[in-house]
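**Student:** Residue numbers for the sequence shown, in our numbering: 53 to 203. From the three backbone atoms N, C-alpha and C, an ideal C-beta is built for every residue, glycine too. It should be emphasised that the depicted structure is a prediction, and the values quoted were computed from it without experimental measurement. Got a structure for you, questions after.
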Amino acid sequence: MSELTPKDPDFETRVRGSFAKQGLMETLGASIARVLPGQVDIVLPPSPAVSQQHGFVHAGAVASIADSAAGYAALTLMPPGAGVLTAEFKINLLAPAVGDSIVARGKVIRAGRTLTLAQTDVFAGREGQEKLIAMLTATLMTIEGRAGVGD
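Here's what the structure looks like:
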């Protein structure tokens, strides 16, 4: 079995169901655009509700969708009943988040039994062009056998 082979054949339904429970993603107006083994894309439409004082999408909103994209990319490879929690992340903000859409593309770099390393590249889209605006690396932890954490 490849490192990027899902252990749950119903991983996409599980990821989408878990995402739907996240109040923060709903508050931000974010949605899942794509779910593949080891990959999840989350889209955030810019709006005044997620902007900062200069009109850019707030770095907190960018970090939130980047973290969630990494976490859900990791969850696609975890066994049924397991949950995922972020143990650590680092984000580099490369350019202001301004455009028609903000897309966080999370992908698993290495999936282990307990810890998974993932990376999210965040792009601002405008007029059919994309600009890399942030990069996040995250360590995600597989949680099993803990009440209320299984996704």
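Please identify the residue among 71, 196, 177, 121 whose C-alpha is closest to the C-alpha of residue 133.
**Tutor:** For the purposes of this step, residue 133 is taken as the residue at position 81 of the sequence shown. Here the closest residue by C-alpha is 196.
**Student:** Tell me residue 103's beta-bridge partners as DSSP assigns them.
**Tutor:** Along the sequence shown, read from residue 1 onward, the residue named residue 103 stands at position 51. DSSP lists 109 as partners of residue 103.
**Student:** State buried or exposed for residue 120, treating a residue as buried only when at least 16 other CB atoms are found within 10 Å of its CB.
**Tutor:** The sequence position of residue 120 within the sequence shown is 68, counting from 1. Buried is the call here.
**Student:** Relative to the C-alpha of residue 96, which residue among 135, 151, 56, 144 is closest?
**Tutor:** Within the sequence shown, the letter at position 44 stands for residue 96. For residue 96, the nearest C-alpha among the options comes from 151.
**Student:** So, residue 142 versus residue 189, is the Cβ gap smaller than 7 Å?
**Tutor:** Here residue 142 refers to the residue found at position 90 when the sequence shown is read from its first residue. Here residue 189 refers to the residue found at position 137 when the sequence shown is read from its first residue. It is a contact, given that the beta carbons lie within the stated cut-off.
**Student:** Please report the straight-line C-alpha distance between residue 59 and residue 149, rounded to a whole angstrom.
**Tutor:** For the purposes of this step, residue 59 is taken as the residue at position 7 of the sequence shown. For the purposes of this step, residue 149 is taken as the residue at position 97 of the sequence shown. Each residue's Cα considered, the two are about 35 Å apart.
**Student:** Suppose contacts are defined by Cβ-Cβ distances below 7 Å. Is residue 129 in contact with residue 82 by that definition?
**Tutor:** On the sequence shown, residue 129 is found 77 positions in, with the first residue counted as 1. On the sequence shown, residue 82 is found 30 positions in, with the first residue counted as 1. No. Outside cutoff.
**Student:** Name the DSSP beta bridge partners of residue 138, please?
**Tutor:** In the sequence shown, the residue the question calls residue 138 occupies position 86. According to DSSP, which records beta bridges pairwise, residue 138 is partnered with 192.
**Student:** Cα separation between residue 76 and residue 103?
**Tutor:** For the purposes of this step, residue 76 is identified with residue 24 of the sequence shown, where counting begins at 1. For the purposes of this step, residue 103 is identified with residue 51 of the sequence shown, where counting begins at 1. Rounded to the nearest angstrom, the two C-alpha atoms are 15 Å apart.
**Student:** Under the rule that 16 or more other beta-carbon atoms within 10 Å means buried, what is residue 155, buried or exposed?
**Tutor:** Position 103 of the sequence shown, counting from 1, holds the residue named residue 155. With 16 or more Cβ atoms within 10 Å of its Cβ, residue 155 is classed as buried.
**Student:** Buried or exposed: residue 116, going by 16 or more other Cβ atoms within 10 Å of its Cβ?
**Tutor:** Reading the sequence shown from its first residue, position 64 is the one you call residue 116. The residue is buried, with at least 16 neighbouring Cβ atoms inside 10 Å.
**Student:** Provide the residue span of the alpha helix (DSSP H) that contains residue 67, from first to last.
**Tutor:** Translated into the one-based positions of the sequence shown, residue 67 becomes position 15. Where residue 67 is concerned, the enclosing alpha helix (DSSP H) stretches over 63–72.
**Student:** Could you spell out the range, first to last residue, of the alpha helix (DSSP H) harbouring residue 129?
**Tutor:** On the sequence shown, residue 129 is found 77 positions in, with the first residue counted as 1. Counting along the chain, residue 129 falls outside any alpha helix (DSSP H), and DSSP gives it neither H nor E.
**Student:** Beta carbon of residue 194, beta carbon of residue 166: below 7 Å?
**Tutor:** Translated into positions along the sequence shown, residue 194 becomes position 142. Translated into positions along the sequence shown, residue 166 becomes position 114. Yes, they are a contact pair.
**Student:** Hey, out of 127, 146, 61, whose CA is closest to residue 138's CA?
**Tutor:** Counted from its first residue, the sequence shown places residue 138 at position 86. It is 127 whose Cα lies nearest to the Cα of residue 138.
**Student:** Flag this pair as yes or no: are the beta carbons of residue 186 and residue 146 separated by less than 7 Å?
**Tutor:** Here residue 186 is taken as the residue at index 134 of the sequence shown, counted from 1. Here residue 146 is taken as the residue at index 94 of the sequence shown, counted from 1. A contact, by the Cβ cut-off of 7 Å.
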